[in-house]
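Numbering (this note's numbering) for the sequence shown: 411 to 791.
Backbone N, C-alpha and C fix where the C-beta goes; we use that ideal spot for every residue, glycine too.
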Amino acid sequence: MQDWSDHRVAGAAGGVAQGFDRVGDAFAANFEEGLELGACFAVAIGGETVVDIRGGFSDRAKEQHWDETTLACIYSSGKAVMTFLMARAASEGLINYDAPVADYWPDFAAAGKENITVAEALSHQAGLCGFPEEMPPETWLDWEAICEKLAAMAPLWTPGTANGYHPQTVGFIAGEILRRVTGKSAGALIAELVQQHHLNLFCGMSPAEAPRAAYMPKPPRAPDLGPMNEYKQAAFLKPWSAPAKVSREEWMAAELPASNMHADALSLAKIVHPLANKGRDISGAAVLSEDAIEAAFKERIRGDDLVLPFHLSWAAGLMRNINRHFGPNENAFGHAGFGGSCVVVDPENNLTAAYVMNKMSPYLVGDPRAVRLLDAVYDSL
């Protein structure tokens, strides 16, 4: 790769491979138009990094440049990491996507949930999008307490009949399955990958790492959820729908696999790369089986989402790109995070891409900044 910089971006740094200059131009245009505070963007193709650029500021006072040590919360983009971990567990014979969750977590069978499969849970069909009954919002930081509530809960709709996005709970369901079949938490499994591949990605940050996290100003307005219903209320709008009444440090240290991973773009693109690269990780090692990849990508349900205001096609953890929120290839997959981050998995092009930023927007998916960057990537192929 050749070094990259641009006068339009304070602290611009990184590199782009030959032929990908327009990606740097798109990144700079986002800054020039006042859309960014600090950000990074990365693309890997066939195990090789072709874009790794960053710039702007990581702090409120605009005194600290966004550098190679900066992390930002990627919110729901971390669900792509969980998708990879589940596919790896399937590749190792530890789980079967079509088996009931209760095969691995017997207590989950309560209240009519005995037939909910792993794939149905990962594709947001379980009817457990949030807790309708009041609880202290700090309960989200207590893994066992949340898992006990999920195991006892009756679904809010008949499982398998509709998709309704589970913003927080899907991370606990996947994470508890992983804990029971591997003996390790999602955060511990991620930490092993981080050490192996020298990545910057955390699910549960130590106090020593916490200062690396960028300041993230809130969006100028709340996301548009469309017409209201009981499912959206439970998922997003109850006072206890997300962690609250806890310090930033406590929240960052907690393991919330669906919502509080911190990463840079290159690490995010690399950790999920086996999903796009025929099962091979960035070192070339085969870590996913062909059958597991096929099962992970299979369309599990398509329809108007009960929680998000979109018609969606869900695979087992990722959105299928029918709305082209994740670039122009409708056969790609992806996930977005609150505020604008996103990750793209494109097996047809052996490509993963990730966008991480700290100036949050109200877009639920398809943030124009990321769309511009992804369009530039595909124009460069």
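Distance CB(residue i)-CB(residue j) smaller than 8 Å
| i | j | result |
| --- | --- | --- |
| A764 | A675 | yes |
| H576 | H534 | yes |
| L791 | V754 | no |
| A686 | P757 | yes |
| A449 | G434 | no |
| N670 | A664 | yes |
| A623 | M662 | yes |
| G537 | L566 | yes |
| W550 | A652 | yes |
| G581 | K648 | no |
| Y788 | P738 | yes |
| K708 | N760 | no |
| A561 | D517 | yes |
| N610 | L728 | no |
| A378 | V775 | In the structure as shown, the chain starts at 411 and stops at 791, and residue 378 therefore has no counterpart that could be examined. |
| R590 | W650 | no |
| S626 | C752 | Reading off the sequence shown, one finds Met at residue 626, where the question assumed Ser. Cβ distance not < 8 Å, so M626 and C752 don't count as in contact. |
| E554 | V656 | no |
Beta-bridge partners of residue i, as assigned by DSSP
| i | result |
| --- | --- |
| Y765 | F451, C752 |
| H576 | The partner list for H576 (beta bridge, DSSP) is empty, contrary to what the question assumes. |
| T527 | P510 |
| A673 | A482, L611 |
| G424 | I463 |
| I711 | W724 |
| H475 | F467 |
| R622 | BP columns for R622 are empty, so no partner. |
| A696 | R690 |
| D413 | G425 |
| M729 | W724, G744 |
Rounded straight-line distance, which links the Cα of residue j to that of residue i
| i | j | result |
| --- | --- | --- |
| V604 | S677 | 8 Å |
| P630 | S771 | 7 Å |
| D477 | A436 | 19 Å |
| L718 | A645 | 10 Å |
| A601 | K594 | 11 Å |
| D475 | P633 | Here the sequence assigns His to residue 475, which means Asp is not the residue at that position. Cα to Cα, H475 sits roughly 28 Å from P633. |
| R730 | V766 | 20 Å |
| F743 | H735 | 9 Å |
| G749 | M411 | 30 Å |
| D508 | T527 | 5 Å |
| S699 | T579 | 27 Å |
| E640 | A702 | 35 Å |
| D710 | A497 | Before going on, a small fix: residue 710 reads as Arg here, not Asp. Rounded to whole angstroms, R710 to A497 spans 15 Å at the Cα level. |
| E704 | A519 | 27 Å |
| E443 | E473 | 20 Å |
| A420 | S468 | 11 Å |
| T762 | H745 | 12 Å |
| D777 | A422 | 21 Å |
| P617 | A786 | 37 Å |
| E543 | G503 | 37 Å |
| R432 | D416 | 12 Å |
| M638 | H672 | 30 Å |
Local Cβ density within 10 Å of residue i, reported as buried at 16 or more and exposed below that
| i | result |
| --- | --- |
| L532 | buried |
| H721 | exposed |
| R658 | exposed |
| Q606 | exposed |
| S487 | buried |
| E558 | exposed |
| P510 | buried |
| M615 | buried |
| M563 | buried |
| T479 | exposed |
| P546 | exposed |
| G456 | exposed |
| K769 | buried |
Neighbourhood of residue i by C-beta distance below 8 Å, restricted to the same chain and skipping five residues each side
| i | result |
| --- | --- |
| A439 | R418, R782 |
| R779 | N440, L445, E446, A449, G750, Y765, M767, S771 |
| L599 | L495, L588, T592 |
| V697 | R498, S501, P684, G689, R690, D691 |
| I505 | M496, A499, Y514, V528, I587, V591 |
Beta-carbon proximity list for residue i, same chain, < 6 Å, skipping 5 on both sides
| i | result |
| --- | --- |
| Q643 | none |
| G570 | E530, Q535 |
| D462 | G424, G425, A452, L676 |
| V460 | A427, F430, V453 |
| Y485 | S669, G747, F748 |
| A706 | A497, A726 |
| E524 | A512 |
| N741 | E758 |
| G636 | P719 |
| I583 | A531 |
Other residues of its chain near residue i: CB distance less than 7 Å, five sequence neighbours each side excluded
| i | result |
| --- | --- |
| D413 | G425 |
| E619 | F612 |
| D715 | N573, G574, Y575, L722 |
| A596 | M492, L495, G585, L588, C613, E665, P667 |
Contact test: residue i Cβ vs the ligand HEM heavy atom, cutoff 7 Å
| i | result |
| --- | --- |
| F467 | This structure does not include the ligand HEM; it has no bound ligands of any sort. |
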